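The structure appears below as structure tokens.
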Amino acid sequence: MNCLVCIEYILIGVMILSAIFAVEWRDLLAAAVGMAAVSLFASILYLMLQAPDVAMTEAAIGAALSGAVFIFAIKRTQRFESEEEERPGWWIRW
Amino acid sequence: MISAYYFGAISLVLIGLYAVLVKKNVLKMLIGLSIMETGVNLLLVSIGYIYGRSAPILSEGIGPNQAVDPIPQALVLTAIVIGVATTAMALSVAIILYQKYGTLNVEEIRRLRG
Amino acid sequence: MNLLMVMLFAPLIAGFLAWLLDFKVIREVIGIIGASIPIGVLAYYYSTVTSESITYSLTVGGFTLGFHLTMLTWYFAVIASIVGIAMAFGMASTSKSSYDWLFALISFTGVLGVFLSSDFVGFFLFWELMTFGSFMMVLKRNRHESLKYFVLSIIGAYSMLVAIGIIYAKTGALDFNTVQKALRLDAMVGSISRGETALIYTLFLITFGVKAGAVPLHVWAPGAYSENDQSYTAFFSGALSKAGVYGFVLLYILMGAKLYTALGVFNNHLVFAYILAWIGAITVVVASFLAVLQEDIRKLFAYSSVGQVGYILLGLGIGTGLGFAGALFHVLSHAIFKSLFWLVTAAIILRTGKTRFEDLGGLAEKMPITFTMGLIAVLSLAGIPPMAGFASKWLLYEAAISAHMPLVAGAIFLGSGLAFAYVVRFLYAVWFGQRPSDLDDVKEAPLPLLIGMVILAIPNLVFGIAPGLVTGYFNRLFGDTIVGGNYFRLVTPTGTYNALLVTVILIFGLSIAGLIYIYGAKTRKIPVINTYQSGNPVTEEYNLSMRKNFYRPLAEALGFWLKYSWDRFYERLANLTEDFADWLREGFYNGNAQSYSWYLTIVLLILALWGVL
Amino acid sequence: MNVQYASLLIAIPLITAFFVPLMKGLGEKAIKTYVLIITAIQAGIATWVFEEVYTTGKPIIVMAGGWRPPVGIDLYIGPFAALFVLIVALVSFLMAVFNFRAVKVEPIDKYAMLFLLLMLGATGMIATGDIFNLFVFMEITAITAYALTAYNKTGEAAEASLKYMVLGGIGSSFFLIGVALIYGATGTLNMAQIAQLAGNINPTVAQVALALVIFGLAVEAELFPLNAWAPDAYQAAPHPVTAMFSAFVVKAGIYALARILYLMSAVGTWKNILHLLIAMATLTVIVAEFSALRQRNVKRMIAYSSVSQVGLIGLAFALGTQAGVDAGVFQMINHAIIKVLLFLGVGYVAVQLGGAEIENFRGLGKRMPLTALGVTVGSMSAVGIPLFNIFWSKLRIILATVDAGYAWAAALVLGASVVEAVYYFRLVHAIWFTGEGERLRESAPLVAIMLLLIAIIVAIGIYPNYAWSLSQKAGNDIFNVAQYIKNVPLMGVGA
Amino acid sequence: MVSILKRSLAVIMLLIIGYWLAQGLSGIPFGQDKMLVGKYYLDNVIRQTGAINAVTAVVVNYRGFDTLGEVTVLFIASTGVGALLWAKRRERTAKTEGSIVLKTGIRLLTPFVILFGAYIFIHGHLTPGGGFPGGATIATAFLLLYMAYTMYEIPRRAFENTEGVAGMSYVIVALIGLAIGGYFLFDWIWQTWHFGVNNVGRILSGGFIPVIYTIIGIKVGTELSGIIDNMLREEVRE
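For the record, the sequence lines run as chains E, P, H, X and V. To convert, take the position in the first sequence, counting from 1, and add 1040; that gives my numbering. To convert, take the position in the second sequence, counting from 1, and add 1; that gives my numbering. To convert, take the position in the third sequence, counting from 1, and add 36; that gives my numbering. To convert, take the position in the fourth sequence, counting from 1, and add 297; that gives my numbering. To convert, take the position in the fifth sequence, counting from 1, and add 37; that gives my numbering.
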């Protein structure tokens, strides 16, 4: 196993982790940032998959603009998920 | 055994779908959809990857036999833009919903039923 | 353009013209002309049709619609046409609306088309057209009743559609000739399984049963017949319900052999026919009892119609040549006497505006011609010679006896008795007795209506005195001597009926009685007053008279049975369905976007399990 | 004339939609007239294409960029596409007339753009011969539909749009996964080439890919249980848009479904997918009919009815026989006509009387007799009464269904149709035999449209031969995959 | 409790679906050469389109129809957002002005960011990037302006018109192709005029790709800025 594969695995792992965080975080702002992070990691992966065009587009549109639009929408609605949702699982409580 | 990229892509799709299925907040569901789209895009690009080849930019030193498949990349370019378009539409709908219903909980947004 | 098509579409076109040219007299004239063309064409074709059948075909939507005029279809078409023209005359007086003309004549075309079609597509098409026209007639007057009629008709139509579909899938054909040949062949080969045959049979049974008004699918009939223009009801009950009967005849022709081999024999009777016979018998008994208990003229005749069609089914179900002859004869006689009844009812309602027995009485003096017509109808229905009704019932009875079906014969007898019971009531309560004071200025029925009645009364007498005219036609139709004798005499294996002789004797006896009545008895005219309660004041709670609750003791005796009503059963079923619909709707379309995405995931899961397992 | 000019079908709506922002200041009337003119032009082009395809009998293959497929994207305008592009254009034209009355909510210029692009999306979906291009056009249609559903900007509209969006989003994501799998397995995106290569795909991949693609399209095609968005969207959308949804947006989805289904018929698990689709279609009909039964809102009721009729089309397409496909196409034509009529009538009543609740329909026969006539004819046709057009297609479908050996499906569908008959019956009764009211003035153009549609309905009902022969040709276009492959001038890349 | 059940049910279902998808994907080996049409593109891209970047050539030229649709989708999104968030009068409601560092920085940066975006889309046929990221970069410039200044608003009318004109020009370029070469979206600059044939690998080559990418870049930039603008302005009632 060479180092590049290592990095790949780590990146994919982190991407999945941030996806989980994006889904589980109750603070929607944080969740939107998490989503943008997923896009960002994905764009690095695109780069590793020899797709620089896609990487650029994903970074510019998927991560930056999409995240920004999400943040604006959150600003115009509500920041937290409503309260009747039960306490999140142990893996997220910290 | 499938590749790590496939694994990552499918995981993203499933995590996104999970958010749609379980999270009651509309914005959370939309985040889920967005993550799903990212996953699908990743899948498409990884299908086009070929070991040991470089990006399909045929400048000096890179001939037609040293480049990866350009088609999935072209498709993903389109798909990303479509994804952001959907997201923007969805978010403006969510804003209207919040104005009219005062909540973003899908269980309360159900005037149309039956 | 073929003359057959002219005849078929003349009523339809006349209907549309009458609807468009909605002016008082023009409308009626167009309608009557349109309705009288078919009988003219049929008369023209009489000599041709006895030697060969006439066919014609159209191509519509990739389907070929074939039409044929054979001896059988000619017979049915003539019945429909006679009733149709009588209806047109009746409607000229009773109906003031172009809407009625349009849909009545549409259904006329529908009925003719059903009789003339020689393939399933045309048959179904005209079947629907006829249903549609009659449904629109009911819809205008009563929503609840029309809904019942509608739902049952649709169920019937769709059953037929599925049955036709199965036949098409099995034989690859839709025209009667090919289907008949294929099914006859299949009776030997047996590639259509028993279950499938039974399914087709059941589906057709539902379809034709609905239209013929066989118990338990009769629930639409009383309401639809009574909540209607009574002139149209003459056609509805007289001709349209015969389409169901024709369907059963067709069933015999097309798949008799197949049904025989597939379903077998029980007690020396064909099973499928036996079922039909019993349905007929039950219909006769149930409907006749219910008819007796009615307090409304329209309801009474409505149930009576249901019951009389039961006779026809019963005759068909006997399954012998004689049974067929009786049934087909009864088709004719029921059409003419029941339509006559309805026209008489129409006249009564037109002139008095009343429909309940308790409000009527003593009209014989005011409407003598109508009364005479009513009398003819009563005699015919009750099966008193020398009317057509007697001849046909006699044939049916003979058929039941010779086929060794005593129970069925009993049903015929019981039905006749009950029929007598209710017509007597009609005869007395409407025409005789004390006349309510508000009916003192009632006038005779208008001329067109009388013409219509006369058109129907004449065949009643003619075919009553010369029943051999009809049976002779049947003999040619079957190509075999089923009922012997000449014009006036009917000879069957078990008995003989000489109509002319009976008539002569009857006229002779009646004249003697008349002479005695006029000259012999000392009569005095006294005003009729309500005195037959032995001087006791009549209390409202137990007021039994010929006009009111006359058969109440019977109703009390039948109380246990009357508790169960098919009508209520269906209503409950309908309510259950609606509740189920609500439950389904609220449960599935619950408004939650999340649940909807769960549905999507479940479908994915199904797909996945499919792939994984 | 160069057949490549058929690409104007795509170009005209696009360029005109892009032009709308420039005429923002001209006011509402001008923009609506503009849309009317554009749809008329589009209808003209579509008529030309239709003529061309049906007189020569050859499909028009538009090759974008001059690249022969599979290198470039081709538009395959065969008999089916020619017919349906024409229907799309005509329906849009009629609805552009209806816009004058029905759409009052600002901003009209945006509405006009979305309206034109909805037409474009459906046209593209029907015409395209490339599976990813299909996805793009599907998204154009879907996103336009999301926007138009929410266009009224009420809470209900936004809610309906949200549901549509969530379900559509999931559907399109999985569709794209399916496309990715197909691409990965065959290396091409051209439908004809996929059909050529379909038999060689690894069976597992083929099974997953076909299932996912069908799943994604079934969401658009409103098959149970993926149709939960449909009644809401139909109810909340502006009236002309609802008619367009029912008349061609769904049709485009179901066409795409059928097209891909038959293209992939070489796949091993094809029969299983057919069984599943038949079950889904049958359930669609049943559930939708029952749901419509006690509906108070007539627009929603007709929406359910539309869903059920579409289920019928789905059933016909899923039979896997030539007869079934022909019958399905026939039903598509007829259904488009009657649903335009019904939604036009109901929408007009809702505009005039302030709502589509059944109460507003009482006495309609006296208040707006011609509209009432339109709704009545539409209802009677929907039930399948002879002399109206749906009768023929329903008959064809039932015969085909039984012929294919699915008598139970036919029986269930017909059983559900009894329910349909009941609720239409109630509507017709409420219109003609209850209630009273003053006679209102009815708009002449709308009445003219309704009378035209009634005439077409009755004409097809009495003389279905022409429409039937058209649908046979169109059905053959879908069913006969070998012919389709032969018609596309494939370049022979890799094959 | 119900919720935990629901969650676990969802997880189980998703795992099964995931397994199924993975099973399907296992039939498509990762990293292997599976190209069919792609190979053709790589072999012929320079000769046929004059672009070095094969992805760009595929996006704009070979599969130009997709891109046209893609541009339309974005146009729909901006239109749709505009239609949905429309109100008689709207204003920005941001309270906090950006810090002085941010303001100054952005004032300095904006022209460069826009220039960079333009660079990206003009060089689309040579280097990675193209109209979409380029346009997005331009939009980012406006996003930064919005963030820094509470009162800043884009010239909306002009932007919308630009959007429309850009879209129209795209279609017109395609229609010129139809008129000149007989095919919609035909690359008339390269294939008919043979413009820049000797220039492959430099900016003045690639047929209509730079033209279209410029159009797309402008269009995407204005559209995305329009979306941002629409999201940020809220309805005000007098």
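No residue lacks a Cβ here, since even glycine has one placed at the ideal position from N, Cα and C. In this text, all values refer to a predicted model and were calculated from it rather than measured experimentally.
Interface residues of chain V around residue i at Cβ under 9 angstroms?
{"i": "P/Met-90", "result": "Ile-113, Ala-114, Gly-117, Val-118 and Leu-121"}
Name the DSSP bridge partner or partners of residue i?
{"i": "X/Val-622", "result": "In DSSP, X/Val-622 forms no bridge with anything."}
{"i": "H/Arg-392", "result": "H/Asp-332"}
{"i": "H/Ser-153", "result": "H/Phe-103"}
{"i": "V/Glu-272", "result": "V/Arg-127"}
{"i": "P/Asn-106", "result": "P/Asn-26"}
{"i": "X/Glu-654", "result": "X/Asn-594"}
{"i": "V/Asn-90", "result": "P/Ile-58"}
{"i": "H/Arg-525", "result": "H/Asn-534"}
Under 8 angstroms between beta-carbons, which chain P residues line up against residue i? List them in chain order, please.
{"i": "H/Trp-634", "result": "Leu-22"}
{"i": "V/Gly-233", "result": "Per Cβ cutoff of 8 angstroms: no residues; V/Gly-233 is ~16 angstroms from chain P at best."}
So, helix, strand or coil for residue i, using DSSP?
{"i": "H/Leu-101", "result": "strand"}
{"i": "H/Phe-302", "result": "strand"}
{"i": "V/Asp-224", "result": "coil"}
{"i": "E/Arg-1133", "result": "Because E/Arg-1133 carries a pLDDT of 43, less than 50, the predicted location of this residue cannot be relied on, and the following value inherits that uncertainty. In the structure shown, E/Arg-1133 sits in coil (DSSP, three-state: anything other than H, G, I, E or B)."}
{"i": "H/Phe-284", "result": "helix"}
{"i": "H/Met-441", "result": "coil"}
Cβ of residue i less than 8 angstroms from any chain C Cβ?
{"i": "V/Arg-100", "result": "Absent here is chain C; the protein component of the structure consists of chains E, P, H, X and V."}
Give the interface partners of residue i over in chain V, defined as CB-CB distance under 8 angstroms, in chain order.
{"i": "X/Ile-440", "result": "Val-110, Ile-113, Ala-114 and Gly-117"}
Run through chain X and tell me which residues come within less than 9 angstroms of residue i, C-beta to C-beta.
{"i": "P/Arg-54", "result": "Near P/Arg-54 there are no residues of chain X at all, since even the closest Cβ is about 15 angstroms away, more than 9 angstroms."}
{"i": "V/Glu-200", "result": "Phe-315 and Pro-318"}
{"i": "V/Lys-140", "result": "Within chain X, no residue comes near V/Lys-140; the closest Cβ sits about 31 angstroms away, beyond 9 angstroms."}
Residue i touches chain V at which residues, Cβ-Cβ below 7 angstroms?
{"i": "E/Glu-1096", "result": "Checking the sequence, you will find Met at residue 1096 of chain E rather than Glu. In chain order: Pro-165, Gly-166 and Pro-170."}
Along chain H, in chain order, which residues have C-beta atoms closer than 7 angstroms to that of residue i?
{"i": "V/Ile-54", "result": "Leu-640, Leu-641 and Ala-644"}
{"i": "P/Leu-18", "result": "Thr-637"}
Mind pulling the chain E residues with CB within less than 8 angstroms of residue i?
{"i": "P/Gln-67", "result": "Residues of chain E passing the Cβ test: none, with the nearest at roughly 10 angstroms."}
In chain P, what lies closer than 9 angstroms to residue i by C-beta?
{"i": "V/Phe-67", "result": "Ile-3, Ser-4, Ala-5, Tyr-6, Tyr-7, Ser-47, Ile-48, Tyr-50 and Tyr-52"}
{"i": "X/Met-462", "result": "Leu-31, Leu-34, Thr-87, Met-90, Ala-91 and Val-94"}
Contact residues within the stretch 165–180 of chain V, judged by C-beta distance below 7 angstroms to chain E: Within the stretch 165–180 of chain V, the residues whose Cβ lies closer than 7 angstroms to any Cβ of chain E are, in chain order, Pro-165, Gly-166, Gly-167, Phe-169, Pro-170, Ala-173, Thr-174, Ala-176, Thr-177 and Leu-180.
Stretch-stretch touch, CB-based, cutoff 8 angstroms, three pairs: the stretch 124–134 of chain H with the stretch 160–172 of chain H: The stretch 124–134 of chain H vs the stretch 160–172 of chain H: no contact.
contact_flag[the stretch 770–788 of chain X, the stretch 357–373 of chain X] where n(CB pairs < 8 angstroms) is 3 or more: yes
Interfacial residues, the stretch 1101–1118 of chain E to chain V, with Cβ spacing under 7 angstroms: Ile-1101, Ala-1104, Leu-1105, Ala-1108, Val-1109, Phe-1112, Ala-1113 and Arg-1116
Residues of the stretch 253–269 of chain V with Cβ closer than 9 angstroms to any Cβ of chain E, in chain order: Val-257, Leu-261, Ile-264, Ile-265, Met-268 and Leu-269
Against chain X: residues of the stretch 101–114 of chain P by CB proximity under 7 angstroms: Lys-101, Tyr-102, Ile-110, Arg-112 and Leu-113
Contact residues within the stretch 80–91 of chain V, judged by C-beta distance below 9 angstroms to chain H: none
The stretch 190–206 of chain H / the stretch 756–772 of chain X touching (three or more Cβ pairs under 8 angstroms): no
Short-range partners of chain P found in the stretch 621–632 of chain H, where Cβ spacing is below 8 angstroms: Arg-621, Glu-622, Tyr-625, Asn-626, Gly-627, Asn-628, Ala-629 and Gln-630
Residues from the stretch 444–456 of chain X in contact with chain V, defined by Cβ distance under 7 angstroms: Ala-444, Ala-447, Tyr-448 and Lys-450
Against chain X: residues of the stretch 71–96 of chain H by CB proximity under 9 angstroms: Thr-95 and Val-96
Touching by the beta-carbon criterion (3+ pairs, under 8 angstroms), the stretch 466–485 of chain X and the stretch 137–152 of chain V: Output reads no: the stretch 137–152 of chain V does not touch the stretch 466–485 of chain X.
Cβ contact check for the stretch 618–631 of chain H and the stretch 505–519 of chain X: 3 or more pairs under 8 angstroms: no
Contact list for the stretch 370–390 of chain X against chain P, Cβ threshold 8 angstroms: Of all residues in the stretch 370–390 of chain X, none has a C-beta nearer than 8 angstroms to a C-beta of chain P.
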